[in-house]
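The listed protein sequences correspond, in order, to chains A and B.
If you want the numbering used here, it's the 1-based position in the first sequence plus 596.
If you want the numbering used here, it's the 1-based position in the second sequence plus 596.
Below: one structure, written as structure tokens.
Number of protein chains: 2
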Amino acid sequence: MGMRSEDYHNLLDNSEVYRREPYMKAFSIVDRYLECFSKYYHLGLEVGEKIKDFIPSRIVYLGIGGSAIAGDFINIITEEVPVIVHRDYMVFRSNPDDLIIAVSYSGDTAEIFPTLLKNLELNRRMIMITSDGRLRKLAEKMNFPSIILEPGIPPRYAFPHTLGALLGLIQSLGIKIETLSGSIVETGKIKENFVPETPTAKNLAKKSASRIVGMLPIVYGYGKAVPIAYRLKCQLNENSKIFSHFCEVPEAFHNDVEILNEKTVLLAPRLSNEPNEIDEVYRALSSFLRENYIELKVPAGNFLSEILSLLILVDYISLYAAILRNVDPLALYVIPKLKDNNRNYQEILKNVDERLGKI
Amino acid sequence: MGMRSEDYHNLLDNSEVYRREPYMKAFSIVDRYLECFSKYYHLGLEVGEKIKDFIPSRIVYLGIGGSAIAGDFINIITEEVPVIVHRDYMVFRSNPDDLIIAVSYSGDTAEIFPTLLKNLELNRRMIMITSDGRLRKLAEKMNFPSIILEPGIPPRYAFPHTLGALLGLIQSLGIKIETLSGSIVETGKIKENFVPETPTAKNLAKKSASRIVGMLPIVYGYGKAVPIAYRLKCQLNENSKIFSHFCEVPEAFHNDVEILNEKTVLLAPRLSNEPNEIDEVYRALSSFLRENYIELKVPAGNFLSEILSLLILVDYISLYAAILRNVDPLALYVIPKLKDNNRNYQEILKNVDERLGKI
């Protein structure tokens with residue numbers, strides 16, 4: 597009954613697989629990762645010009661799920677301005693010198709609207725990133741600077757678009773980040789190691805996927821690698837439909853590790869500038885777990901290339917795991933059911949509609 | 597082969613079980629929960645008197661694992677002073693008007709020392725909470741105000757001691773918290789519902805334990821219930837040796853819920869003052885998961901009783917689950933092995949010894 601690792605490799609190295617839907621579409625979106633990132637980075641630069649005269653003391657980032665993680669990355673890419681990522685229905689109390697960035701791919705994410713409507717009353721500076729829905733309507737009616745994302749893809753696949761847009765935005769506000777041009781070229785080369793055409797023997801993404809199927813994958817992250825680890829956990833949940841667990845290091849060393857066993861496999865996204873203390877934590881884990889420890893590390897010339905390469909690697913792992921588990925990486929089953937079942941969700945969106953009617 | 601739910605109930609309602617070690621010892625510690633909490637609360641009040649003239653602008657809390665969670669509770673119990681819980685080797689940059697609270701039951705937790713030694717140089721105000729080891733030696737040599745915890749119990753079981761000590765400390769610093777006297781009496785009554793003498797039919801702790809054994813338990817928490825949810829996840833890991841996963845609501849609704857299935861069981865510690873939006877999130881989860889949704893809610897007269905009762909409930913669940921899984925709730929296997937295997941751990945402690953030699 598069970599497939600062996602060799603069978604996994606044969607399956608992932610068979611080019612036929614990638615000509616079948618839904619895999620063909622999923623891979624074609626991830627293939628365009630850097631292209632989309634660059635496109636929206638330039639759009640972000642343009643839109644940021646419109647509020648260039650305003651230097652925010654904080655960025656209040658409204659988003660949840662896949663949209664929220666992009667906000668976490670701004671926090672690790674620049675330390676010049678603090679970014680508060682607000683993942684809640686409760687109204688966040690903003691200050692007059694805050695910049696509000698509201699992000700929802702669908703434009704209809706209920707959680708962001710209570711804070712958004714409150715800040716509308718307060719006349720705060722705002723920027724919207726969305727493809728459609730009420731958020732887009734609001735941006736248009738109020739003439740807010742906004743970045744409109746390409747339609748027709750599952751929201752979590754619009755992550756490079758959102759991240760690019762955000763980096764462009766903050767750069768045009770005069771907030772320093774590493775230069776992008778070299779990073780894109782370098783990341784493009786690294787990405788080739790993870791594409792379907794690269795055989796499993798040389799492909800860290802395929803190898804990793806083969807080792808997590810049928811297991812309990814756990815992702816540990818440290819410091820600036822934390823949002824990468826969290827993104828991997830979410831992509832395994834949503835794309836691969838696999839139970840996956842996430843924890844931060846070194847905290848995990850004091851409780852979570854107690855349940856590591858022969859069924860768990862640990863994925864560790866690593867950055868090259870981690871302190872020696874953290875190297876030792878992972879070395880201890882590796883010597884304890886042996887083949888159940890998978891280190892995700894990419895050689896890259898700068899921090900931005902490293903992050904982008906790891907993010908692309910993460911997406912490919914989730915797609916290969918989806919193939920091996922024979923599931924649809926584009927579809928979701930539980931999340932939409934629960935949203936429909938949430939009366940409050942409908943209630944909040946009705947309030948937004950009323951408000952939109954009055955503008 | 598498999599046990600039925602009826603067998604679980606019979607086992608948990610058999611008083612013989614609780615006369616056997618290691619269960620007898622584990623239950624006897626948890627039985628003293630409120631007694632220890634009160635004792636160390638009064639000790640905390642006394643020790644706090646020694647630095648009463650100093651009103652800190654922030655509390656920098658150094659701890660990790662079970663010790664760190666107690667710090668998280670200070671943040672939810674009072675909003676008067678921000679508490680930064682630092683769970684890392686990296687040195688935290690403190691200000692002159694910060695109060696450093698260093699917590700380690702063993703006194704030899706490597707992670708806290710780099711920041712501690714740095715702050716020693718800076719002559720910052722400090723308080724130590726420990727039972728032994730290098731932290732105790734340091735407190736004695738430097739004559740720092742300190743709270744010495746009872747020896748001989750596994751560190752995670754010293755949680756009520758630490759939490760009590762912390763509440764006493766911050767109250768004597770003039771930071772407002774809810775009055776304790778009534779809460780202790782009320783919590784004592786609620787606790788009776790969870791003890792071994794209360795049969796499963798009326799015992800939420802036993803019922804919950806029976807439903808998670810053989811399953812993948814997931815804990816979701818919102819707002820002030822987050823550290824309770826996280827404590828439950830850790831206690832299931834360490835006491836019950838069961839894989840357990842934790843996530844925050846409403847974020848979990850946007851990715852984590854996708855993997856809820858017939859093997860997962862959701863535990864939801866709830867507080868009575870949660871907003872309507874969050875009630876709806878849990879209502880949707882409950883109607884979707886049906887018998888795989890377990891709500892942990894206790895009727896209590898005030899916020900502090902509610903938190904303490906839930907924390908005690910959490911501990912009992914983990915002990916009953918340990919019985920049903922036939923594991924030792926006092927022992928740990930992986931954590932000590934990994935610590936021994938961490939060369940950096942030894943390196944840091946050697947540095948502390950050198951420093952202690954010079955004082």
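Every residue, glycine too, gets a C-beta built ideally from N, C-alpha and C.
This structure is a prediction, so every number in the text was calculated from the model and none was measured.
request  = Go through its chain and collect everything with a Cβ distance to B/Glu-782's Cβ below 7 Å, but skip five positions before and after it.
outcome  = Within the same chain, Ala-896, Gly-897, Ser-901 come within 7 Å of B/Glu-782 by CB-CB distance, once the 5 residues on both sides are set aside.
ask   = Mapping DSSP to helix, strand and coil, what is A/Pro-726?
value = Before going further, note that residue 726 of chain A is Thr rather than Pro in the sequence given. Note: A/Thr-726 maps to strand in three-state DSSP.
inquiry  = Under 9 Å, CB to CB, which of the residues in the segment 865–877 of chain A have a partner in chain B?
reply    = Cβ contacts with chain B come from Pro-871, Asn-872, Glu-873, Ile-874, Asp-875, Glu-876, Val-877.
inquiry  = Checking the sheet assignment: what are the DSSP bridge partners for A/His-682?
reply    = Partner(s): A/Leu-658.
key: Helix, strand or coil at B/Ala-864 [DSSP, three-state]   = Three-state DSSP puts B/Ala-864 in a strand.
query = Hey, how far is the Cα of B/Leu-945 from the Cα of B/Phe-709?
reply = In this structure, the straight-line span from the alpha carbon of B/Leu-945 to that of B/Phe-709 is close to 8 Å.
message = I need the boundaries of the beta strand (DSSP E) containing B/Phe-899, first residue and last residue.
response = It is not in any beta strand (DSSP E) - B/Phe-899 instead sits in the alpha helix (DSSP H) that spans 899–920.
ask   = B/Phe-740 versus chain A: which residues are under 8 Å apart at the beta carbon?
value = Ordered by position in chain A, no residue passes the 8 Å Cβ test against B/Phe-740, which lies about 24 Å from the chain.
task = Return helix, strand or coil for A/Val-694, following the three-state DSSP convention.
result = A small fix is needed here, since residue 694 of chain A is Asp in this sequence, not Val. In the structure shown, the three-state DSSP call for A/Asp-694 is strand.
key: Nearest-angstrom Cα separation, counted from B/Ile-651 out to B/Asp-693   = In a straight line, the C-alpha of B/Asp-693 is about 8 Å away from that of B/Ile-651.
ask   = If you compare alpha carbons, which of B/Glu-788, B/Ile-931, B/Gly-819, B/Lys-737 is closest to B/Leu-952?
value = In terms of Cα proximity to B/Leu-952, the closest of B/Glu-788, B/Ile-931, B/Gly-819, B/Lys-737 is B/Lys-737.
Proximal residues, the segment 657–688 of chain A versus chain B, C-beta separation under 9 Å = If the cut-off is 9 Å between Cβ atoms, the segment 657–688 of chain A has Ile-660, Gly-661, Gly-662, Ser-663, Ala-664, Arg-683, Asp-684, Tyr-685, Met-686 near chain B.
ask   = What separation, rounded to the nearest whole angstrom, lies between the Cα atoms of A/Lys-859 and A/Arg-615?
value = Near 33 Å, if we compare the C-alpha coordinates of A/Arg-615 and A/Lys-859.
query = Taking DSSP as the reference, what is the three-state secondary structure of B/Arg-721?
reply = Of the three classes helix, strand and coil, the one that applies to B/Arg-721 here is strand, per DSSP.
task = Find the residues of chain A that neighbour B/Asp-852, judging by a C-beta separation of less than 7 Å, and give them in chain order.
result = Simply Asn-833.
request  = Check A/Phe-669 in the structure and name its three-state DSSP category.
outcome  = When DSSP states are grouped into helix, strand and coil, A/Phe-669 belongs to the helix group.
ask   = Can you give the Cα-Cα distance for A/Leu-716 and A/Lys-621, rounded to whole angstroms?
value = Spanning the two alpha carbons is a distance of roughly 38 Å.
inquiry  = Taking the straight line between their C-alpha atoms, what separation do you get for B/Gly-770 and B/Lys-646?
reply    = In this structure, the straight-line span from the alpha carbon of B/Gly-770 to that of B/Lys-646 is close to 13 Å.
request  = Ignoring anything shorter than 4 residues or poking outside the segment 769–826 of chain A, list the alpha helix (DSSP H) runs there in chain order.
outcome  = Taking only runs of at least 4 residues, the alpha helix (DSSP H) segments lying wholly in the segment 769–826 of chain A are 777–787, 800–808.
ask   = Excluding five sequence neighbours on each side, which residues of the same chain lie with their C-beta closer than 7 Å to the C-beta of B/Leu-759?
value = Excluding positions up to five away in sequence, the list reads Phe-633, Ala-666, Phe-669.
ask   = Does the distance from the CB of B/Gly-729 to the CB of B/Ser-702 come in under 8 Å?
value = In this structure, B/Gly-729 lies near B/Ser-702, with their beta-carbon atoms less than 8 Å apart.
Residues sharing a beta bridge with A/Tyr-889, DSSP = DSSP lists A/Leu-862 as partners of A/Tyr-889.
key: Helix, strand or coil at A/Met-597 according to DSSP, with G and I counted as helix   = Summary for A/Met-597: the model assigns pLDDT 43, below 50, so the residue's position carries little reliability; its value from the coordinates is reported in the next sentence. DSSP, read as helix, strand or coil, puts A/Met-597 in coil.
request  = Return the residue from the list A/His-841, A/Leu-658, A/Gly-817 that minimises the CA-CA distance to B/Pro-813.
outcome  = Among A/His-841, A/Leu-658, A/Gly-817, the Cα nearest to that of B/Pro-813 is on A/His-841.
Residues that A/Cys-830 contacts on chain B, provided the C-beta gap is smaller than 7 Å = Correct list: Asn-851.
task = Indicate whether at least one CB of chain B lies closer than 8 Å to the CB of A/Phe-884.
result = By this cut-off, A/Phe-884 is an interface position.
key: Amino acids of chain A, ordered along the chain, whose beta-carbon sits closer than 8 Å to that of B/Lys-837   = Chain A residues near B/Lys-837: Glu-854, Ile-855.
ask   = If you draw a straight line from the alpha carbon of A/Arg-959 to that of A/Leu-907, how long is it in whole angstroms?
value = Absent from the structure is residue 959 of chain A, since the part of chain A shown begins at 597 and ends at 955.
message = Looking at chain A, is there any beta carbon in it that lies within less than 8 Å of the beta carbon of B/Val-948?
response = No, because no Cβ of chain A sits closer than 8 Å to the Cβ of B/Val-948.
task = Have a look at the DSSP bridge pairing and note the partners of B/Met-830.
result = What sits at residue 830 of chain B in the sequence shown is Cys, not Met. The partner list for B/Cys-830 (beta bridge, DSSP) is empty, contrary to what the question assumes.
task = With 8 Å as the threshold, decide whether the Cβ of A/Ile-931 is near any Cβ in chain C.
result = No chain C appears in the structure shown, which is made up of the protein chains A and B.
ask   = Secondary structure at A/Val-699, three-state DSSP: helix, strand or coil?
value = If DSSP states are grouped into helix, strand and coil, A/Val-699 belongs with the strands.
key: CA-to-CA distance, A/Lys-803 to B/Asp-875, given in whole angstroms   = Between B/Asp-875 and A/Lys-803, the C-alpha separation is close to 42 Å.
query = Quick one: which chain A residues come within Cβ less than 8 Å of B/Pro-846?
reply = Against chain A, the beta carbon of B/Pro-846 has neighbours under 8 Å at Ile-660, Arg-683, Asp-684, Tyr-685, Glu-707, listed in chain order.
query = Terminal residues of the continuous alpha helix (DSSP H) containing A/Ser-624?
reply = From DSSP, the alpha helix (DSSP H) with A/Ser-624 extends over 619–627.
query = Can the beta-carbon of B/Met-724 be found closer than 8 Å to that of B/Leu-731?
reply = The Cβ atoms of B/Met-724 and B/Leu-731 sit closer than 8 Å to each other.
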